[in-house]
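Here the numbering used here is used: the first residue of the sequence shown is 2, the next is one more, and so on.
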Amino acid sequence: MIVDVHTHLPTHRNAVPDSDRTTENMMRSGDNVSMTNSIADYLRAMEPVDKTFAFGIAPRPWLSERELIEGSGDLAVDGKNHNDVAAELHRAAPDKVIPFMSLHPMDPKMNDEYDRAVGDLGCKGIKLGPNYQDFDPVGEDAFKLYARLEADGLPIVFHQGTSPMRDAPLRYAHPLVMDQVAIAFPELRIVMAHLGHPWQVDCLAVVRKHPNVWADVSAQFYRPWSFWNGMQLFHEWGVTQKILFASDWPVTVPQDNIDGLRGLNKFARDHHLPGIPENEIEGIINRDALDALGVE
Ligand SMILES: [Zn+2]
Numbered sequence: 002m003i004v005d006v007h008t009h010l011p012t013h014r015n016a017v018p019d020s021d022r023t024t025e026n027m028m029r030s031g032d033n034v035s036m037t038n039s040i041a042d043y044l045r046a047m048e049p050v051d052k053t054f055a056f057g058i059a060p061r062p063w064l065s066e067r068e069l070i071e072g073s074g075d076l077a078v079d080g081k082n083h084n085d086v087a088a089e090l091h092r093a094a095p096d097k098v099i100p101f102m103s104l105h106p107m108d109p110k111m112n113d114e115y116d117r118a119v120g121d122l123g124c125k126g127i128k129l130g131p132n133y134q135d136f137d138p139v140g141e142d143a144f145k146l147y148a149r150l151e152a153d154g155l156p157i158v159f160h161q162g163t164s165p166m167r168d169a170p171l172r173y174a175h176p177l178v179m180d181q182v183a184i185a186f187p188e189l190r191i192v193m194a195h196l197g198h199p200w201q202v203d204c205l206a207v208v209r210k211h212p213n214v215w216a217d218v219s220a221q222f223y224r225p226w227s228f229w230n231g232m233q234l235f236h237e238w239g240v241t242q243k244i245l246f247a248s249d250w251p252v253t254v255p256q257d258n259i260d261g262l263r264g265l266n267k268f269a270r271d272h273h274l275p276g277i278p279e280n281e282i283e284g285i286i287n288r289d290a291l292d293a294l295g296v297e
């Protein structure tokens, strides 16, 4: 089974009109990424995988009109938010898409939205991006949310590592910060996205010591040295079994990540570098993230 633990939401229910199309070229260091996509675009990209976690990112309550990564399409209108869109995407492919909520710990209505997202919409976990959302991941508000999630057995996918967004504080997404969260909440299941890039070594130091903390391999392959280097470090430290498969769609599609992982040893050979055992690479691609994270 292949599980993609990191996918963002499409913006449009149906085909994207030309007038709505937008692209972005910072996230992939110069490559264009389509920021407007339909539900069909999403499902086509997800054909190689069996299950996906799908989520938005809750906006800062003091900037609630602003959409973060989702762009502006026709899905989140008429009072619907990103959590409704995750639920709608699930209804489009109920055997594949597992909806995750996103909340903001400083939103005064957070607990009501938590109840609605889990109770009414069926969300099975949460995505948080403390840098994008501008909250302190080891602050009092965030800790209240983690306590609820830990008690309810719901996993968190955390954005980790850098981002090109200028007003997203890097210190809120540095992987070493997750150590403090995992010490305080030992039963909380955590996914550290992007191997914490470009701080993969700090990410491995955290996942290595905490049984319930995992890393996701999304959006690594298009920086081949950084990818090989990060993966080699995880291999040397004996923690590739803590890496989960992910794409960060729409930034990349799952097939490119599968190909990138399987191409690591060609890169190593071409550059006279040490390889990474094939069984460890296949282990990442085929890891049962539902079991690892307790998602039913
Ligand atoms: Zn992402």
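C-beta: ideal position from N, C-alpha, C; glycine also.
If you're wondering where the values come from, they're calculated on a predicted model, not measured in any experiment.
query: In chain order, what residues of the same chain have a beta carbon less than 6 Å from the beta carbon of residue 57, not counting five sequence neighbours either side?
result: Start at 1 with the first residue of the sequence shown, and residue 57 comes out as number 56. Closer than 6 Å at Cβ, skipping near neighbours: 10, 71, 83, 103.
- prompt: Residues in its own chain within less than 8 Å of residue 203 by CB, not counting five upstream and five downstream?
  reply: Here the question's residue 203 lines up with position 202 in the sequence shown. Answer for residue 203: 175, 176, 177, 197, listed in chain order.
task: Reducing DSSP to helix, strand and coil, say where residue 99 ends up.
output: Locating residue 99 in the sequence shown gives position 98, where the first residue counts as 1. Of the three classes helix, strand and coil, the one that applies to residue 99 here is strand, per DSSP.
field: Beta carbon of residue 36 nearer than 9 Å to that of residue 165
entry: For this step, residue 36 is matched to residue 35 along the sequence shown. For this step, residue 165 is matched to residue 164 along the sequence shown. No, the pair does not count as a contact, with Cβ atoms beyond the cut-off.
query: Starting from residue 110 and walking both ways along the alpha helix (DSSP H), at which residues does that stretch end?
result: As a first step, residue 110 must be located in the sequence shown, where it is residue number 109. Premise fails: residue 110 is in no alpha helix (DSSP H) and is neither H nor E.
task: Give the C-beta separation of residue 229 and residue 269 to the nearest angstrom, bearing in mind that I take them to be a contact with Cβ-Cβ under 8 Å.
output: Taking the first residue of the sequence shown as 1, we reach residue 229 at position 228. Taking the first residue of the sequence shown as 1, we reach residue 269 at position 268. The Cβ separation is near 6 Å, so the contact holds.
query: Counting pairs of beta carbons, one from the region 117 to 130 and one from the region 90 to 109, are three or more of them closer than 8 Å?
result: yes
task: Spell out a yes or no on whether the region 251 to 264 and the region 216 to 231 are touching, meaning 3 or more CB-CB pairs, one atom from each, closer than 8 Å.
output: yes
- prompt: For residue 50 versus residue 5, is the C-beta distance shorter than 9 Å?
  reply: Locating residue 50 in the sequence shown gives position 49, counting from the first residue. Locating residue 5 in the sequence shown gives position 4, counting from the first residue. Contact flag set, yes.
field: residue 83 CB to nearest heavy atom of ligand 1 below 8 Å
entry: As a working mapping, residue 83 is identified with position 82 in the sequence shown. No - ligand 1 has no heavy atom lying nearer than 8 Å to the Cβ of residue 83.
- prompt: Closer than 8 Å: is that where the CB of residue 7 sits relative to any heavy atom of ligand 1?
  reply: If you number the sequence shown from 1, residue 7 lands on position 6. Yes, Cβ of residue 7 sits closer than 8 Å to a heavy atom of ligand 1.
task: Consult DSSP for residue 70 and reduce its assignment to one of helix, strand or coil.
output: Counted from its first residue, the sequence shown places residue 70 at position 69. For residue 70, the predicted structure reports a pLDDT of 42, less than 50, and the residue's modelled location is therefore unreliable. A value from the coordinates is still provided. Residue 70: coil per DSSP, three-state reduction.
Contact test: residue 32 Cβ vs ligand 1 heavy atom, cutoff 8 Å: Taking the sequence shown and counting its residues from 1, one reaches residue 32 at position 31. Result no, Cβ not under 8 Å from ligand 1.
- prompt: Between the C-alpha atoms of residue 114 and residue 238, what's the straight-line distance to the nearest angstrom?
  reply: In the sequence shown, counting from the first residue as 1, residue 114 sits at position 113. In the sequence shown, counting from the first residue as 1, residue 238 sits at position 237. Roughly 40 Å between the two C-alpha positions.
- prompt: Terminal residues of the continuous alpha helix (DSSP H) containing residue 142?
  reply: Position 141 of the sequence shown, counted from the first residue, corresponds to residue 142. Looking at the DSSP string, the run of the alpha helix (DSSP H) that includes residue 142 is 141 to 153.
- prompt: Can the beta-carbon of residue 214 be found less than 9 Å from the beta-carbon of residue 232?
  reply: The count along the sequence shown starts at 1 and reaches residue 214 at position 213. The count along the sequence shown starts at 1 and reaches residue 232 at position 231. No, they are not a contact pair.
query: At a cut-off of 8 Å, is residue 219 close to ligand 1 when judged by its beta-carbon and the heavy atoms of the ligand?
result: Locating residue 219 in the sequence shown gives position 218, counting from the first residue. True, at least one ligand heavy atom lies under 8 Å from that Cβ.
query: If you drop the 5 nearest sequence neighbours on each side, which residues of the same chain put their C-beta closer than 6 Å to that of residue 156?
result: Taking the sequence shown and counting its residues from 1, one reaches residue 156 at position 155. Excluding residues within five positions, the ones whose Cβ falls inside 6 Å are 126, 190, 294.
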